[in-house]
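Undergrad: Residue numbers (our numbering): 113 to 717. Think of the CB as a built atom: it goes at the ideal place given N, C-alpha and C, for glycine as much as any other residue. The structure under discussion is supplied below as structure tokens; questions concerning it will follow.
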């Protein structure tokens, strides 16, 4: 990934009001005819809207996000001409992102497209490396902005694209955007009949595309540019696949996230639940939404940073879902002070999103004297899980039923109860049953962890974590929790409440003293974890149509929204919002879980 200092676009403004990159010595667009040029070079050049006629999904990839001008022109055309019920997906790459302030100034030159500019600017991504998603639900469109070096980003993208906008600065000024490895990746990430459009007719670009199977043509240019380039990859247009019937098992945060993601992608999944929404680990009155920090594993750190950003975007669209902003991390060991400094310095976090705080500041933040410094995690937050489940499951009819076994059936899968009666059949089944997944797939390497938490009304405190935790609720606070591996009982245990109170009192004695033991409420639930402490999201090997989202441990409310979108993309064979290297790390086929499916166990699970 590009280092933080190298992401500066070095933007300057010309006297004509054109944004110009001092890094590359070229303008982003012409103030006189930039929009007309975009429409001619990229929209006409990719044969839009004809190319998406009759399609239910269309993917545009762009090299050079810049000011977003190409995107707002594309969205304008999409709104006017899109096929009924179709979805648009955009993947755009930028090595040197503009600030939202500069983008707003640039796009103000096109007042006729102000609605599209406002929608794009409302979700404008941070300049941190990785994939960032912008939702445009009114247009049935989604934009993934990838910040980083183009070759690495394209290697990480799953593709394929139906159309390409190649809009980096010219090959002479920005050769990395037009290199042979990048051309290889464009070809590898192209769907049959893909279109390519670009302003440059440089010989190296023409030869690069034609040498990789594209039919290349020069076309009349626009304005002062005499020529432009169009290319097309020969082959029949992608067939329109039938929409699968999908059954999701489990109505916790994982199942609700999958239902939401599939609905946003145009499907209407069914949902099966044995007890009710939030009956398992998603049923507590509050949950801390925090990332896992990993200083030794860049891919894992990137997964959690992206997941937290995505969770924040989706949860804040639900009124009342976010109970409090910010979580303060207290030290648990002497090494944490140095570790907090290193965590905050990671390029995954923008500005002072993570801020180390000295001991005096940590005590002020905690509301009482604490030993050692702390880490202020401003992007983290406290969630009301029941509010999220109610919103995301509002349009779904929940079929009651306790799945005991899954077996292959013609065209998909059959779900059976403990007596062998068929509860449901579907072409695709997604297992989101938490610790219950181990019953449905006994050979999946998931382990149960029992956790009991306690809460009280009328007492307030900030969100704090140190091994134990405190989370604000709608009318008080929740604290806990126990962490007992390989235990599956969900009865409330007085001794576990005593453990939670002792953990709280050891770190925050003043807060613990304010709690009335007679007013405490308690609950226990079982989480599912994996040996490598990473989630599992994707297809079960050798069992077509069977998927899993599980192993979320204590980070389910952070991970589930993003991983559900990844899973929906896999089900529908669409580009994933996850980088390929991250997707491989959480795959059900990863080596850390091998052997996940035993040889010869392909029919019954």
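Look up residue 581 in the DSSP assignment and give the residues it is bridged to.
TA: Partner(s): 577, 592.
Undergrad: Counting C-beta neighbours from all protein chains within 10 Å, is the total for residue 418 16 or more, i.e. buried, or is it exposed?
TA: buried
Undergrad: Find the nearest neighbour of residue 250 within the set 197, 423, 412, judged by alpha-carbon distance.
TA: 197
Undergrad: Are the beta-carbon atoms belonging to residue 261 and residue 207 less than 8 Å from one another?
TA: yes
Undergrad: Using DSSP with H/G/I as helix, E/B as strand and the rest coil, what is residue 146?
TA: helix
Undergrad: At 4 residues or longer, and completely inside the region 605-632: list those alpha helix (DSSP H) runs for me, N to C.
TA: 606-619, 621-625
Undergrad: According to DSSP, which residues form a beta bridge with residue 559?
TA: DSSP links residue 559 through a beta bridge to 641.
Undergrad: Tell me whether residue 238 is buried or exposed, calling it buried when 16 or more other Cβ atoms sit within 10 Å of its Cβ.
TA: With 16 or more Cβ atoms within 10 Å of its Cβ, residue 238 is classed as buried.
Undergrad: Locate the beta strand (DSSP E) running through residue 133, then write down its first and last residues.
TA: 131-133
Undergrad: From this set, 627, 369, 214, which residue's C-alpha is nearest residue 390's C-alpha?
TA: 369
Undergrad: Give a yes or no on contact between the region 520-539 and the region 386-403, applying the rule of three or more CB pairs nearer than 8 Å.
TA: no
Undergrad: Would a C-beta distance cut-off of 8 Å place residue 566 and residue 609 closer than the cut-off?
TA: Yes, they are a contact pair.
Undergrad: DSSP three-state call for residue 126: helix, strand or coil?
TA: coil
Undergrad: Are the CB atoms of residue 692 and residue 270 within a distance shorter than 8 Å?
TA: Yes. Within cutoff.
Undergrad: Does the distance from the CB of residue 185 to the CB of residue 151 come in under 8 Å?
TA: yes
Undergrad: Does the pairing of the region 475-483 with the region 448-455 give three or more beta-carbon distances under 8 Å?
TA: no
Undergrad: Specify the secondary structure class of residue 278 as computed by DSSP and reduced to three states.
TA: Of the three classes helix, strand and coil, the one that applies to residue 278 here is strand, per DSSP.
Undergrad: Applying the criterion that 16 or more other CB atoms from any shown protein chain within 10 Å of the CB defines a buried residue, is residue 209 buried or exposed?
TA: buried
Undergrad: Candidates 146, 328, 629, 176: which alpha carbon is nearest residue 282's?
TA: 176
Undergrad: Within the chosen definition, does the region 511-531 reach the region 672-681 through at least 3 CB pairs nearer than 8 Å?
TA: no
Undergrad: Identify the residues that DSSP records as bridge partners of residue 244: which are they?
TA: 257
Undergrad: Give a yes or no on whether the C-beta atoms belonging to residue 392 and residue 638 are separated by under 8 Å.
TA: Against a cut-off of 8 Å, the Cβ pair of residue 638 and residue 392 comes out as a contact.
Undergrad: Provide the residue(s) that pair with residue 569 in DSSP beta bridges, ordered along the chain.
TA: 588
Undergrad: Under the rule that 16 or more other beta-carbon atoms within 10 Å means buried, what is residue 523, buried or exposed?
TA: exposed
Undergrad: Looking only at C-alpha atoms, which of 352, 334, 546, 232 sits nearest to residue 195?
TA: Residue nearest to residue 195 within the set 352, 334, 546, 232 is 352 (criterion: CA-CA distance).
Undergrad: Specify the secondary structure class of residue 482 as computed by DSSP and reduced to three states.
TA: Taken through DSSP and simplified to helix, strand or coil, residue 482 comes out as coil.
Undergrad: Which same chain residues end up closer than 6 Å to residue 559 when comparing Cβ atoms and leaving out the 5 residues on each side of it in sequence?
TA: 641
Undergrad: Under 8 Å: do the region 228-236 and the region 275-290 share three or more Cβ pairs, one atom per stretch?
TA: no
Undergrad: Could you check whether the region 368-388 touches the region 313-330, counting it as contact only if at least three pairs of C-beta atoms, one from each stretch, sit closer than 8 Å?
TA: no
Undergrad: Taking the CB atoms as reference points, tell me whether residue 414 and residue 242 lie closer together than 8 Å.
TA: yes
Undergrad: Is the CB-CB distance between residue 662 and residue 549 below 8 Å?
TA: yes
Undergrad: Indicate the three-state DSSP secondary structure (helix, strand or coil) for residue 252 in the structure shown.
TA: coil
Undergrad: Please say whether residue 203 and residue 182 have beta carbons closer to each other than 8 Å?
TA: no
Undergrad: Please say whether residue 306 and residue 342 have beta carbons closer to each other than 8 Å?
TA: no
Undergrad: For residue 690, does the three-state DSSP call read helix, strand or coil?
TA: coil
Undergrad: With residue 292 as the anchor, note down where its alpha helix (DSSP H) starts and where it stops.
TA: Its alpha helix (DSSP H) spans residues 292-300.
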